[in-house]
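Novice: Protein chains in written order, with the numbering used here: chain F, 786 to 989; chain V, 786 to 989.
Idealized CB from N, CA, C, for every residue including glycine.
What follows is a structure written as structure tokens; I'll ask about it next.
Number of protein chains: 2
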Amino acid sequence: MSLRYALLALLSVEPMTGYDLYKEFEASVGHVWHAPDSQIYPELRRMEKEGLLDGEEVTWGQRGKKRRYHITEAGVKAFRDWMNTTLEYTRVRDPAHLKAAYLEWAEPEAAREQMRAHIEHHTGLRQQWEQRIREIDQDRSEMLNRRLAGTPEADRDRVKAFKRFTYEGLVTRADQEITWAQHGLALIDELYANRPGARQAAKK
Amino acid sequence: MSLRYALLALLSVEPMTGYDLYKEFEASVGHVWHAPDSQIYPELRRMEKEGLLDGEEVTWGQRGKKRRYHITEAGVKAFRDWMNTTLEYTRVRDPAHLKAAYLEWAEPEAAREQMRAHIEHHTGLRQQWEQRIREIDQDRSEMLNRRLAGTPEADRDRVKAFKRFTYEGLVTRADQEITWAQHGLALIDELYANRPGARQAAKK
DNA sequence: ACCAACTAACTATGCACATAGATAGTGGCG
DNA sequence: CGCCACTATCTATGTGCATAGTTAGTTGGT
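Encoded structure:
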């Protein structure tokens, strides 16, 4: 149910087409909420039907056309209401930790590989998020700059501060996951010290 | 797709009915993977059809009956194969951080409430997980004890060690989330120092 | 003139999961 | 005896999301 609010967040800056939003998901919101275009287009139509958005037909080239969505007052209200409502948290469902709990079933080398994948995955995320922080600090994010341009000067600090705060939390989380998996690698080495990886030659 | 592996993990210890598994989900695996009974029962039937489980009709009282599932060799193999396969990670989708990124839209008091809810949520999880660690250390987990009883002595350390490792990681993660939200509270106070919460009386 | 890469949008299928409710038997307590 | 909490299972409906494929126009380069 968060997709529509991610969309409203972007549309609160300026009108956009479904494709714009899809692209923007890769570049900005996508770092906290990913969505494929096949989910975005129908959601936009639904939101228009519910009066949160106004759709406008725009010609493009000779015969091409696209639909540009504007946020309505009802849309702004819906977004603000969501922001003022405390989130419901869902139940834990964590494949990586489920696997970790039964790692004795895996071959030592497969267990290590799992830990390495965990490190790699979170290293990648960490990089993206750090990059995002740098963009915020150096005003190099197009979307954020446009948002700031339409924000009263007195509130600009807050807009930047909350985004920075968000990504800082994610970077720390990634660090924690990386450290955890490194401990995992050490633990595996320790537990199989007398019985090296199945495909590894035993020492003489 | 992880549900079936969580079920196989439990059934690798001993045969159980759907209801047993449902209960066990609340007490052990549920701490890393939650599932409602309405998802468990049909999955068990599917797994039986695929040959991963054997179902056995058991009478219970006068007219009552229940179905007890045994893991088959194919089931053990499927679980081991999954354990030896590196996980695919899914895209980021994090409602709490999505909201955090746009917190300037919320009333200060609502923003604080969101942070408090985050702290409360992760404090609850932290407690569960710490409890789990204590149970592991003191051999007070029924399920784990039964698993250990059926495990060769040489491998018992590993079984416990991986579980401990898993929950330690989750505890650290919870700590990190709590710290983050506390920073959030401090940040909100700082950013609205000149403009206290909307419903609060201004100082004379 | 043509092709590749991009813009733009839509459709289809299926699983995973949340939520809610239905049905029926059991065991114990007062 | 009647009631309640628990055991046990199943059904139904809707949303969210992944994955994959389709159609059509545009732009820029060789």
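Report the neighbours of Phe-950 (chain V) on chain F: residues whose CB is nearer than 9 Å to its CB, in chain order.
Specialist: Ala-885, Ala-886, Leu-888, Trp-965, His-968, Gly-969 and Leu-972
Novice: Nearest by alpha-carbon distance to Leu-955 (chain V): which of F:Leu-910, F:Arg-853, F:Ala-881 and F:Glu-873 is it?
Specialist: F:Ala-881
Novice: Considering only C-alpha positions, which residue in the set V:Lys-834, V:Asp-960, V:Ala-966 and V:Thr-936 is nearest to Glu-889 (chain F)?
Specialist: Selected option, being the one with the closest Cα: V:Thr-936.
Novice: Going by CA-CA distance only, name the one from V:Arg-789, V:Leu-872, V:Phe-864 and V:Leu-910 that's closest to Glu-962 (chain V).
Specialist: V:Leu-910
Novice: Quick one: what's got a C-beta closer than 6 Å to Ser-994 (chain F)'s C-beta in the same chain, skipping five residues either side?
Specialist: Since the first and last residues shown for chain F are 786 and 989, residue 994 (chain F) lies out of range.
Novice: Measuring CA to CA, which of F:Phe-864, F:His-906 and F:Met-801 is closest to Thr-871 (chain V)?
Specialist: F:His-906
Novice: Is Ile-973 (chain F) helix, strand or coil by DSSP?
Specialist: helix
Novice: Do you know offhand how far Ala-902 (chain V)'s Cα is from Leu-883 (chain F)'s?
Specialist: 25 Å
Novice: Consult DSSP for Leu-838 (chain F) and reduce its assignment to one of helix, strand or coil.
Specialist: In the three-state reduction of the DSSP assignment, Leu-838 (chain F) falls in the strand class.
Novice: Need the endpoints of the alpha helix (DSSP H) that His-907 (chain F) sits in, please.
Specialist: 893-922
Novice: Quick check on the burial criterion: 16 or more other C-beta atoms within 10 angstroms. Buried or exposed for Arg-917 (chain V)?
Specialist: buried
Novice: Give the straight-line distance between the Cα atoms of Ala-794 (chain V) and Ala-885 (chain F), rounded to the nearest whole angstrom.
Specialist: 12 Å
Novice: Take the Cβ of Trp-818 (chain F) as the centre, count every other Cβ of all protein chains shown within 10 Å, and call the residue buried at 16 or more, exposed below.
Specialist: buried
Novice: Around the C-beta of Gln-912 (chain V), are 16 or more other C-beta atoms found within 10 angstroms, so that it is buried, or is it exposed?
Specialist: exposed
Novice: Measure from the C-beta of Arg-919 (chain F) to each C-beta in chain V and report whether the shortest distance is under 7 Å.
Specialist: no
Novice: At the level of alpha carbons, what is the spacing between Asp-866 (chain V) and Leu-788 (chain V)?
Specialist: 15 Å
Novice: Using a Cβ-Cβ distance under 7 Å, would Trp-914 (chain F) count as near chain V?
Specialist: For Trp-914 (chain F), the answer is no, since every Cβ of chain V falls outside 7 Å of its Cβ.
Novice: On the criterion of 16 or more Cβ atoms from any shown chain inside 10 Å, does Ala-893 (chain F) qualify as buried, or is it exposed?
Specialist: At residue 893 (chain F) the sequence reads Pro, which differs from the Ala that was named. Pro-893 (chain F) is buried by the Cβ-count criterion.
Novice: Taking beta-carbon pairs under 7 Å, can you tell me which members of the region 853-876 of chain F lie near chain V?
Specialist: Phe-864, Arg-865, Met-868, Asn-869, Thr-871, Leu-872, Tyr-874 and Arg-876
Novice: Check whether the Cβ of Pro-880 (chain V) lies closer than 7 Å to any Cβ atom in chain F.
Specialist: yes
Novice: Got a sec: is the Cβ-Cβ distance from Gly-982 (chain V) to anything in chain F below 7 Å?
Specialist: Model confidence at Gly-982 (chain V) stands at a pLDDT of 48, short of 50, so the residue's coordinates are unreliable and nothing is read from them.
Novice: Rounded to whole angstroms, what is the Cα-Cα separation between Ala-791 (chain F) and Ala-959 (chain F)?
Specialist: Taking the straight line from one Cα to the other gives about 22 Å.
Novice: At which residues does the beta strand (DSSP E) containing His-855 (chain V) begin and terminate?
Specialist: His-855 (chain V) -> beta strand (DSSP E) spans 849-856.
Novice: By DSSP, does Met-832 (chain V) sit in helix, in strand, or in coil?
Specialist: helix
Novice: Could you give the distance in angstroms between the alpha-carbon of Lys-945 (chain F) and the alpha-carbon of Thr-802 (chain F)?
Specialist: 25 Å
Novice: Is the region 962-974 of chain F touching the region 853-867 of chain F, taking contact as three or more C-beta pairs under 8 Å?
Specialist: By the Cβ criterion, the region 962-974 of chain F is not in contact with the region 853-867 of chain F, since fewer than three pairs of Cβ atoms, one from each stretch, lie closer than 8 Å.
Novice: With distances taken from CA atoms, which of V:Tyr-804, V:Thr-951, V:Lys-834 and V:Glu-835 is nearest Ala-820 (chain V)?
Specialist: V:Tyr-804
Novice: Pull up the distance between the alpha-carbon of Ile-825 (chain F) and that of Phe-810 (chain F), whole angstroms please.
Specialist: The straight-line gap from Cα to Cα measures roughly 10 Å.
Novice: What is the rounded straight-line gap between the Cα of Asn-979 (chain F) and the Cα of Ile-973 (chain F)?
Specialist: 11 Å
Novice: Tell me the DSSP secondary structure of Arg-878 (chain V) in three-state form.
Specialist: strand
Novice: Please list, in chain order, all residues of the same chain as Leu-837 (chain V) whose beta carbon is under 8 Å from its beta carbon, the five residues on each side excluded.
Specialist: Arg-789, Leu-793, Ile-856, Thr-857, Ala-859, Gly-860 and Ala-863
Novice: Can you find the residues in the same chain that come closer than 7 Å, C-beta to C-beta, to Leu-806 (chain V), ignoring five residues on each side of it along the sequence?
Specialist: Leu-792, Leu-795 and Ile-825
Novice: Over what stretch of residues does the alpha helix (DSSP H) that includes Glu-799 (chain F) continue unbroken?
Specialist: Counting along the chain, Glu-799 (chain F) sits inside no alpha helix (DSSP H), nor does DSSP assign it H or E at all.
Novice: Take the Cβ of Met-832 (chain F) as the centre, count every other Cβ of all protein chains shown within 10 Å, and call the residue buried at 16 or more, exposed below.
Specialist: buried
Novice: Grouping DSSP H, G and I as helix and E and B as strand, with all else coil, what is Gly-951 (chain F)?
Specialist: Checking the displayed sequence, the identity of residue 951 (chain F) turns out to be Thr instead of Gly. Thr-951 (chain F): helix per DSSP, three-state reduction.
Novice: Output, in chain order, the set of chain F residues within a Cβ distance shorter than 9 Å of Thr-957 (chain V).
Specialist: Within chain F, the residues near Thr-957 (chain V) are Gln-961, Thr-964 and Trp-965.
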